[in-house]
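Counting along the first sequence from 1, when you hit position 255 you're at 1732 in this note's numbering, and nothing is skipped either side.
Here's the structure we're looking at; comments come further down.
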Amino acid sequence: MGRQPCCDKLGVKKGPWTVEEDKKLINFILVNGQCCWRAVPKLAGLRRCGKSCRLRWTNYLRPDLKRGLLNESEEQLVIDLHARLGNRWSKIAASMPGRTDNEIKNHWNTHIKKKLLKMGIDPATHKPLQKDTDAPNPSSQKHSTQSSNDNHGSTDSSIGSVEENLNCCAPSESSQNIEENGTKPLLQSLHEDDNKLLSYLLGESEPPVFDVSTWELPNNGVNSFASWDDCGTWLLDCQDFGVHDFGPDANFDDVEINILNTN
DNA sequence: AAAGCTGACAACCGCCACAGT
DNA sequence: CACTGTGGCGGTTGTCAGCTT
């Protein structure tokens, strides 16, 4: 109440991002790294809310993102983690390198939820559905989600019930099996390097050591690339943009270039 | 061929946590 | 300690492409 909106609504563009806007945002972050999202739109010459820029970058433009549907083992992982964490999508996403919370959330809502319901499992509690809860009302769903959040240790039995059902179609990579024999959870053993990278990109840790041919640290700016063409080629590997979309040919006006140069 | 339906996913909104003042 | 600004999160909606009737 009385709280100011995160950005001035007037003159702020909404809706799908254009290629031009993407280019500006990518170029800005390549040069300046991730900093003060509120200032990004102004500095990058975008008529967007800072929040919108952050979302666009983290959910779509980030170069370390996997694209496409979650495969079976990732899906199994999401179910396992959801049973433990509830709807804490960001926590779940943090354990799945290359996947975003938004992506996982979408996949949960469009695929997994239905799959579980079909199997007679309540997606909120991960327990078998009662006869009279075939059409669960939202309030009870919310409540049960909350309780699963609060009782992480007590959800083991429910996890079991989910995975017992899933084992019929899931391959041998059931995390239940992994944990039962006392080995490292699947999440921790998979993609540890990617986790480091993700962690760095999210500003949570020091830069990891990784293959510099695939991704350079934003703080190093354009100097990380032998040329703007290299930069474009690198981005081309990551996203569906043409090399010509980036670099000196990018459509910065003089004011924007000045802003970039003074930083 | 066209209308309606469904799935997939991008994007927005409102709230919350936390750091800085 | 209270207030403010910012970033982040989760829920929800909008849009579009593909499929079905």
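We treat Cβ as the ideally placed atom computed from N, Cα and C, and that holds for glycine.
First through last residue of the alpha helix (DSSP H) which encompasses residue i
i       : result
Asn1588 : A quick correction: the sequence has His, not Asn, at residue 1588. First-last for His1588: undefined, no H or E at that position.
Pro1565 : Inspection of the sequence shows that residue 1565 is occupied by Arg rather than by Pro. Unbroken run through Arg1565: none, as it is neither H nor E.
Leu1444 : Within the shown structure, residues of the chain are numbered from 1478 to 1740, placing residue 1444 beyond reach of any answer.
Asn1504 : 1496 to 1509
Pro1518 : 1517 to 1521
Ser1529 : 1527 to 1533
Counterpart residues of residue i in DSSP-defined beta bridges
i       : result
Ile1598 : Pro1605
Integer Cβ distance of residue i from residue j, believed to fall under 8 Å
i       : j       : result
Glu1498 : Arg1539 : Glu1498 to Arg1539, Cβ: 16 Å. No contact.
Arg1533 : Trp1494 : 6 Å
Lys1501 : Ala1521 : 5 Å
Ile1581 : Trp1566 : 5 Å
Ala1571 : Thr1577 : Not really, about 10 Å apart at Cβ, beyond 8 Å.
Gly1575 : Asp1541 : 6 Å
Asn1530 : Leu1523 : Reading the sequence as shown, one finds Cys at residue 1530 and not Asn. That belief holds up - the Cβ atoms of Cys1530 and Leu1523 are roughly 6 Å apart, short of 8 Å.
Met1573 : Glu1552 : Actually they do not touch by this definition, with Cβ atoms about 10 Å apart.
Asn1579 : Asn1548 : Asn1579 to Asn1548, Cβ: 18 Å. No contact.
Gly1510 : Val1517 : About 11 Å separates the two Cβ atoms, so there is no contact after all.
Any non-hydrogen atom of the ligand HEM within 8 Å of residue i CB
i       : result
Asn1504 : Ligands displayed in this structure: none; no statement on the ligand HEM is therefore possible.
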